[in-house]
Amino acid sequence: MRHDRLPDGFGVRIDPRVRAYSGGRILIGGSPARLLRLAPEAAEMIGDGYLEVTDPKSAVVARRLLDSGVANPRPRLLPSPDDVTVIVPLHNNAEGLARLLAALRGHNVIVVDDGSDQPVRIPESRGTRCRVTVLRHDRRQGPSAARNAGLRAATTEFVAFLDSDVVPRSGWLEVMLGHLSDPEVALVAPRIVALDSESNALARYEHTRSSLDLGRREAAVQSRGLVSYVPSAALLVRRQALLAEGGFDETMRVAEDVDLCWRLERAGWRLRYEPAAHVAHDHRVSFPSWFGRKMFYGTGAAPLGERHGNGMVSPLSVPSWTVLAAVLFGTMSKWGLLGGIVTLATALARLRRVFTALDNPTRIAAIYLARGFFAGLWRLASAMCRHYWPVTVLAMLVSRRIRRIAVTMAVADGLADWFTHRDAGGLDPFRYLAYKRLDDIAYGTGLWLGAYRARSVEALKPTAPSR
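Spelled out as structure tokens, the structure:
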């Protein structure tokens, strides 16, 4: 674990979803959710929810808030953009490269031509204001090898990886650079938005529900957190940190970005997701390529499971009491209803002990129990339709009751997801529901295919969190 001090002037702000009790000395929130107890002096430093680092004590408190996930960074210091080299891995996408270079201004760029059929030529153009160097692989070695080649060739302190099918929006780099003023941050990622959001219904769905778009909420990137990884389509990294970890794993053709994030986390580095920075991606919007890409993403879970194990790639992580209560309620019988109530009451009694130091611990425990239970039901419904859909279909064939429950949950899950994202894509609920279910079928098919190829069930095993 690294222990580099936050610089003076660095700020942290308590996340608006965090709840404070006992005069701010107890904070509940983060992802995974936790209860954080602060000394009175530390609580006083935070005041109205903002803390600026001014001395070693405030630096320690700020670091604890960040590492607990209850606060987000507000850096004021900004490393120079001149300390950044942009690396572009490329294979047969000269048009995308020209579009990308036109969007960059004054950067040092290394284009790694990964065995394109026609060697890359950088045209002299008024639209390109970058200093561009081209490296070429005579045969295709894969995007990981191309990124690593650019990483080794760069000499600046920081490196930005941009795929040739992206276009960064104005201010993308400056917004992310501030995070690297924290000496323990090795990687920052922007929000990936759609370059084309209107051409057809699938484009509108991808604008809303792309696998690369991790949403509007800023977060630490943690293997078991709200944001467990960030895609390699656009990344800003500390070059020496990546070199120390060996860069991207060149043997992986999928999920190499997930593997990199988890290795950096295990080495003690911090990683951030910064949705205020936008990079547009040219999503696949023809059905065959879209469906195939979703399957491809699903196959990445098996190699990740082989490398990291320990339930890291589990498709479903739900407390055992949630599963038991859901199954009992699902029987729709008198004894099942009674059993479900007893299960929830037992969980409530155990959770209440955590909040005994607070006023009205039963009420607070009941609130968090209800949130946890319904969040668990949502995850169960999602996994039933996505990761375990082949099992669900088989169960539907043999049981009318399961068939009714499965159809109800599939529709409810899809409509709830549409309601959550209804303002983004403009799709009606019926087409959204159809695309959502096809999305899940494609990913789930890839998940099972990858497990079959690896001869391993690691990527299919559900887990129960220990707390």
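Counted from 1, the sequence shown has number 148 at position 150 by the numbering used here; the numbering is strictly sequential. Glycine included, every Cβ here is placed at the ideal spot set by N, Cα and C.
Ranked by Cα distance from residue 387, the first of 442, 415 and 342 is 442. Taken in chain order, the complete beta strand (DSSP E) segments of 3 residues or longer contained in the segment 117 to 169 are 127 to 135, 156 to 160 and 164 to 166. Cβ-Cβ separation between residue 84 and residue 160: approximately 6 Å, consistent with a contact (criterion under 8 Å). The DSSP assignment places 48 to 50, 69 to 72 and 82 to 88 as complete runs of the beta strand (DSSP E) inside the segment 44 to 96, in order along the chain (cut-off: 3 residues). Closest in alpha carbon position to residue 309, among 462, 345, 12 and 292, is 462. Residues of the same chain with a CB within less than 6 Å of the CB of residue 311, apart from the 5 flanking positions on each side, are 299, 302, 303 and 457 in chain order. With respect to the C-alpha of residue 191, the residue from 182, 180, 172 and 212 having the closest C-alpha is 212. Leaving aside the five residues that flank residue 253 on each side, the residues in its chain whose CB is nearer than 6 Å to its CB run, in chain order, 298 and 302.
In terms of Cβ geometry, residue 59 and residue 88 do not form a close pair [threshold 8 Å]. For residue 273, no alpha helix (DSSP H) encloses it; the enclosing beta strand (DSSP E) starts and ends at 268 to 279. Distances from the alpha-carbon of residue 62 to those of 179, 35 and 370 put 35 closest. For residue 315, the pairing in a beta bridge is given by DSSP as 461. Separation of residue 378 and residue 268 (C-alpha to C-alpha, rounded to the nearest whole angstrom) is 30 Å. Close CB contacts of residue 221 within its chain, under the 7 Å cut and outside five residues either way in sequence, are with 260, 263 and 310 (chain order). DSSP lists 83 and 129 as the beta-bridge partner residues of residue 106. The C-beta distance from residue 82 to residue 156 rounds to 5 Å, short enough to fall under 8 Å. Listed in chain order, the non-local C-beta contacts of residue 276 below 7 Å within the same chain comprise 167, 170, 188, 189 and 191, local neighbours out to five positions each way being set aside. Apart from the 5 residues on each side of it in sequence, residue 195 sits with its Cβ closer than 7 Å to the Cβ of 201, 202 and 205 in its chain, given in chain order.
With contacts defined by Cβ atoms closer than 8 Å, residue 231 and residue 279 form a contacting pair.
Cβ neighbours of residue 106 within its own chain (closer than 6 Å, five residues either side excluded): 83 and 129. Under the three-pair Cβ rule at 8 Å, the segment 144 to 153 counts as touching the segment 242 to 258. The Cβ atoms of residue 172 and residue 273 lie no closer than 8 Å to each other. For residue 48, the closest alpha carbon among the candidates 39, 72, 421 and 27 is that of 72.
Looking at the DSSP output, residue 219 sits in a beta bridge with 225. Apart from the 5 residues on each side of it in sequence, residue 11 sits with its Cβ closer than 7 Å to the Cβ of 47, 48, 69, 70 and 72 in its chain, given in chain order. Counting only runs of 4+ residues, the alpha helix (DSSP H) found wholly inside the segment 387 to 421 occupies 387 to 396, in chain order.
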